[in-house]
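Everything on this sheet refers to the single structure shown next.
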Amino acid sequence: KGTVKPCLGRIERFTEPFDPDNPCNGLYPFYPDTTTSRLIIGAGGKLYSDTPHLVTRWAEQSHFEEQGSERINCDTTTKPGEIRVKATPKATFTRSSKAYQQDGSTVDNDKPRFVSDNLALGKTVTTNGTVNKGALGMVTDGCILSLSDTHLDVAGDNSPKYVQVDLGEVKKISEIVVWHYYSDERTYNNTRTEVSEDGFAWESVFDSSIKGTYKESAGGHRITFDVKKVRYIRDWLNGSSVNQANHWVEIQALGPLGRGLLVEEGTENLITADKQKFAGWTAYSGATVTLAQDQVVPEWNTDKATKIKTSGGTHPTKYILTTLGTSISGQSYTFSVKIKNIGSKPVVVKQNVPGSVTVEPGETKTATMSGPGNGVSRWQPCFSSVAASDSLEFLVYQPMAEKKAYATTFTDGTRAAENLHIPASVLSTKEGTVRALVHVPEFWKSSASQWRRIWSVWKDAENGYYLCYNPAEDKMQFGILASGAESIVLRADKPSVGLHLITARWAESECALVIDGVERDSVDNPVLPTAFPVDKLYIGSRGDGDYINAILADMDFSSVARTDAEDLTAFQSEERLPVDEYTTAKMSFDGNINVTNGGFVWISDKKDMT
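Count along the sequence shown from 1, then add 3; that gives the number in my numbering.
Next up, the structure:
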């Protein structure tokens, strides 16, 4: 299986393995013999044994995939003089443990995690019907649980009813996800979803009368379309296979960069599973503590939260975990927990070693605190009041204790590191560009020794390239290593928290580090490696460390050094990176790690083929 791309002419894709009775003669004769698949490129209109030709062999499919691409030099009678044969690069993702998704669900070993930025979260909802049960705000509260008290019920009367979401301003949207009540896998009637920029002119993006009805499910109904300018979203129903009522659980709206891939280091939650629902913690200094488990908290998309009420006691500390032991001098410790204060007094979350967070009445947040041990104090996460006489009432969920200077995403035990790589052969050592749209997080500077690699082709400081954040200098860093030459390191100030386009480009005349279309550092006439040390380009790490712990929204790899103007246009578009004839590989991270090719042409106006 693979793809043959000539310099000129059509592309022929072979989706099935070849066999002796099924040769392929579409683009050029391409057939297997007893041991290998053979590509024969011939000159002229005939292909006989006495005409000029070239034979290339692949012994097995894995060789073709690992090789990534091969530039075939034909003899001078073959026009054009060079032909490039490419296999679509294959991405490999590993994680030897389960992990938790953004919505609280789990993913199995070796399955990547994707994070969504929901533009409809918390937005205003209206309806043309009568609300039977629930609140309009439930449609955009972030909760996708299909429970009796987590959905909106609008009365049915055999006429279509809608809910309308106002995004507040015009946004670029390319995907809408709708959850109706799904616990019994019912089917709703006359389902239609439409969008509008001004609230007057409406465009349908899904209509069950055209595309068919469907059974509701926990995954929601995902509707994708070309990027549109949208302020208003309407979703219509007219009863279901169960009754006349209409039910909405959630509506989400995603922009063209609304989903990305999370790559994260491994960790261990040192709070044991039997203590993660807060039973087995210790009431302190005479405080009375009561627990109510399995509470519904829509903001956390869970019905497994714990409500804690405290009263009395002679000390502000009310409820404490005593099982983590004495701190180690110089060791970093981090405690994090989701907390919603439903009482009338502030709740102070501490971990005894340095670090505390105060949660005011009515406030919901993830309380995260970090600090070093001193070798004397015990590491004891706890909930406290401001005054010893204060009574507290609050909801908590997913407590996590890590020996790190920062928090990672929740796990109930041990989560292995996540590694992603593609063949390095998507790049040339002599000229190329790698661009990445990265959600730069706030915590990157928490550990001065922990580099955050966006991508890396690296082995023991031999020939290679890398792009990373260096917290010791608080700089972005693009490095080029060539054996026998001085290393080249380009630096730029770390961009602000948020989405940024970070570009590394190189050619024999110049290499540069570019952020959001603005060149930040460059070197003329660099000494470049002659070959990559390994055929693995790691994304989000170096393969054995330096994990990015951030979200990658989009990446592309090119055969040419892109210009600042191209980068600026791409960044300002607020859309996914464009694909053209110089794109050797593209990863959009929109729910998968598929690698696609651009319309790559070896001979071009950017190549001197004389």
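Glycine included, C-beta positions come from ideal geometry on N, C-alpha and C.
For this session: Take PHE513 and list the residues in its own chain whose beta-carbon comes closer than 8 Å to its own, dropping the five residues that flank it on each side.
Result: This sequence places Glu at residue 513; Phe is not what is there. The answer, listed in chain order, is SER525, VAL526, ASP527, ASN528, PRO529 and ALA564.
Exercise. Which first and last residues belong to the beta strand (DSSP E) in which ILE226 is found?
Worked result: 224-240
Problem set entry | Given 8 Å, three or more beta-carbon pairs between the region 253-263 and the region 382-389 | Judged by Cβ distances under 8 Å, the region 253-263 makes no contact with the region 382-389, as fewer than three pairs qualify.
Problem set entry | Contiguous alpha helix (DSSP H) assignments of at least 4 residues, all confined to the region 168-218 | 211-214
Exercise. Closest by CA to VAL460, which one among ILE483, LEU440, GLY125 and ASP477?
Worked result: ILE483
Problem set entry | Selection from MET403, VAL437, PRO474 and GLU465 that minimises the alpha carbon distance to PRO444 | Selected option, being the one with the closest Cα: PRO474.
Problem set entry | Assigned exposure category for PHE397 - 16 Cβ within 10 Å defines buried | So PHE397 ends up on the buried side.
Problem set entry | Cβ neighbours of GLY289 in the same chain (closer than 7 Å, five flanking residues each side left out) | GLY315, GLY316 and THR317
For this session: Identify the continuous alpha helix (DSSP H) that holds LEU571 and give its terminal residues.
Result: 567-575
Exercise. GLU513 by DSSP, collapsed to three states: which one?
Worked result: Of the three classes helix, strand and coil, the one that applies to GLU513 here is strand, per DSSP.
Exercise. Should the region 226-237 be regarded as contacting the region 185-192, the criterion being three or more beta carbon pairs within less than 8 Å?
Worked result: no
Exercise. So, is ALA404 buried or exposed, given that buried needs 16 or more other C-beta atoms within 10 angstroms?
Worked result: buried
Exercise. Could you give the distance in angstroms between the alpha-carbon of GLN575 and the alpha-carbon of LYS478?
Worked result: 23 Å
Exercise. When the Cα of GLY543 is compared with those of LEU265, GLY145, MET141 and GLU178, which residue comes out closest?
Worked result: LEU265
Problem set entry | Option in SER373, THR153, GLU178 and ILE345 with minimal Cα separation from ASN355 | SER373
Exercise. Within this structure, are the beta carbons of ILE179 and THR196 separated by less than 9 Å?
Worked result: yes
Problem set entry | Where PHE96 sits in the DSSP three-state scheme | PHE96 falls in the strand class under three-state DSSP.
Exercise. Just how far apart, CA to CA, sit ALA256 and TYR235?
Worked result: 10 Å
Problem set entry | SER151, DSSP secondary structure in three states | coil
For this session: Give the single residue among GLU200, GLU219, GLU271 and SER244 whose Cα lies nearest to the Cα of ALA102.
Result: GLU271
Exercise. What are the boundary residues of the beta strand (DSSP E) that MET479 is part of?
Worked result: 478-484
Exercise. Who are PHE446's beta bridge partners in DSSP?
Worked result: Note: PHE446 sits in no beta bridge, so no partner.
Exercise. Does the Cβ-Cβ distance between ARG456 and ASP549 come in under 9 Å?
Worked result: Yes, Cβ-Cβ distance for ARG456 and ASP549 is below 9 Å.
Problem set entry | Nearest-angstrom Cα separation, counted from SER392 out to SER499 | Rounded to the nearest angstrom, the gap between the Cα atoms of SER499 and SER392 is 42 Å.
Exercise. For the putative contact between THR313 and GLN296, defined by C-beta atoms under 8 Å, what is the C-beta separation to the nearest angstrom?
Worked result: At roughly 16 Å, the Cβ-Cβ gap does not stay under 8 Å, so THR313 and GLN296 are not in contact.
Problem set entry | Residue span of the beta strand (DSSP E) that contains SER387, given as start and end | 385-387
Problem set entry | Local Cβ density within 10 Å of THR506, reported as buried at 16 or more and exposed below that | Taking every protein chain shown into account, the CB of THR506 has 16 or more other CB atoms within 10 angstroms, so this residue is buried.
For this session: Can you tell me which of SER339, TYR469 and ASP111 puts its alpha carbon nearest to the alpha carbon of SER359?
Result: SER339
For this session: On the DSSP bridge assignment, give the partners of MET558 in chain order.
Result: ALA439 and MET590
Problem set entry | Three-state secondary structure (DSSP) of VAL245 | coil
For this session: Would you check if the distance between the CB atom of LEU240 and the CB atom of HIS424 is smaller than 9 Å?
Result: no
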